[in-house]
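Engineer: In full-length UniProt numbering, the protein residues as written are 1 to 110.
Have a look at this one:
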């Protein structure tokens, strides 16, 4: 993570903020919160994923930033293999009031 500005007031530039800054359209960054999801696909090499938001029954693009995603038998690939629900902590980027992408930092079995 990069910080811009003096330390007490520094703006942290994490992946969701960087995506919003690079966007040609208007993207906003939401607060981190828990989501109930089912993974539809996961790339262990870069954390890219497809996430079904169970409360909305909608599939969105995701990025798993949790370093454990590259480890064998991690919570993400186990849930994908078993079709299991997860509770994830994620920060969304939003476009037109809808979730554009979820940046997932942690997960546990539902």
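In this text, a Cβ means the ideal position worked out from N, Cα and C, and glycines have one as well.
Could you tell me whether any non-hydrogen atom of the ligand HEM is closer than 6 Å to the CB of residue 12?
Structural biologist: The model on display carries no ligand, and the ligand HEM is accordingly not part of it.
Engineer: Would you mind listing the alpha helix (DSSP H) stretches within the UniProt domain "DUF7947" (31-108) that are 4+ residues and don't spill past its ends, in chain order?
Structural biologist: 75-82
Engineer: Round the Cβ separation of residue 69 and residue 83 to the nearest angstrom and send it over; I've been treating them as touching at under 8 Å.
Structural biologist: For the purposes of this step, residue 69 is taken as the residue at position 69 of the chain shown. For the purposes of this step, residue 83 is taken as the residue at position 83 of the chain shown. No, residue 69 and residue 83 are not in contact; Cβ-Cβ is about 18 Å, not under 8 Å.
Engineer: What three-state label does DSSP hand residue 15 in the structure shown?
Structural biologist: In the chain shown, the residue the question calls residue 15 occupies position 15. Correct three-state label for residue 15: helix.
Engineer: Comparing alpha-carbon positions, which option in 28, 29, 77 lies nearest residue 39?
Structural biologist: Working through the chain shown from its first residue, we reach residue 39 at position 39. Minimum Cα-Cα distance from residue 39 among the listed residues 28, 29, 77 corresponds to 77.
Engineer: DSSP three-state label for residue 23, please.
Structural biologist: Stepping through the chain shown from its first residue, residue 23 is reached at position 23. Of the three classes helix, strand and coil, the one that applies to residue 23 here is coil, per DSSP.
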